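Structure record follows, encoded as structure tokens.
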Amino acid sequence: MKIESFYLQTPIGRLLISCEGNKVIEVNLGMDNKKNGQVLARGTSRLKSRFAQKVGNQINHYFDGSSTRFDLDLLVQGTDYQKLVWQCISAIKWGETLTYSDIAEQLDSSARAVGNACRANPVPIIVPCHRVVAKSGLGGFAGQREGNNISVKTWLLEHECRVS
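Sequential numbering of the sequence shown, starting at 273, is according to my numbering.
In structure tokens form, the structure reads like this:
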């Protein structure tokens, strides 16, 4: 099946979103360098497939606060454990957070293993790993414990609190 990739400009920067058929397979944060795909400025009218338009519209609605959930099919690569963690994360409601330890308790696992699964999440925002925090603070985001990704995590959490 053909993979369709496109850029979407958002308040946290440019995202590169990849879809295979009618499923989202990847959302890449911080795509400042142009790669394959179409650059879109807060719109999806130039996208070829209806599904890509649907994905772009739902992500735009997330950022403008008009929708608090995603209704998208995913095709994600990961271990059974990672997929279980991502399923738990997907159940965290808009504007709420859980700690890595909270999820680890649910799965009879360790906080570090949960953090590693969060780091491997191929579809951040859609599977809201930003809603998972450390007991003593924010924790990491997209494989970083400082820098731009932490600013993005902070922005996403504050955005959800403002809109809820």
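Heads up, the beta-carbon is just placed ideally off N, CA and C, and yes, glycines get one too.
No experiment lies behind these values; they were computed from the predicted model shown.
Within this structure, are the beta carbons of Ala383 and Tyr372 separated by less than 8 Å?
Yes, they are a contact pair.
Under the three-state DSSP convention, the category Phe278 falls into
For Phe278, the three-state secondary structure derived from DSSP is strand.
Close Cβ partners of Ser290 (< 6 Å) along its chain, the five nearest in sequence each way excluded
Ile275, Ser277, Ile297, Glu298
Same chain, Cβ closer than 8 Å to Cys433, neighbours up to 5 away in sequence not counted
Gly367
With the cut-off set at 8 Å, would you say Asn300 and Leu287 are in Cβ contact?
Contact flag set, yes.
Starting from Asn332 and walking both ways along the alpha helix (DSSP H), at which residues does that stretch end?
322 to 336
For Tyr353 and Gln359, I'd like the C-alpha separation in whole angstroms.
Near 10 Å, if we compare the C-alpha coordinates of Gln359 and Tyr353.
Buried or exposed (CB count within 10 angstroms, at least 16 for buried), Val327:
buried
Answer yes or no: do Gly387 and Gly409 have a C-beta to C-beta separation smaller than 8 Å?
Not a contact, by the Cβ cut-off of 8 Å.
Within a Cβ cutoff of 8 Å, which residues of the same chain sit near Asp345, ignoring the five residues on either side of it in sequence?
Counting only Cβ-Cβ distances below 8 Å, and skipping sequence neighbours, we find Asn294, Lys295, Val296.
Bridge-paired residues (DSSP) for Cys291
Glu276, Val296
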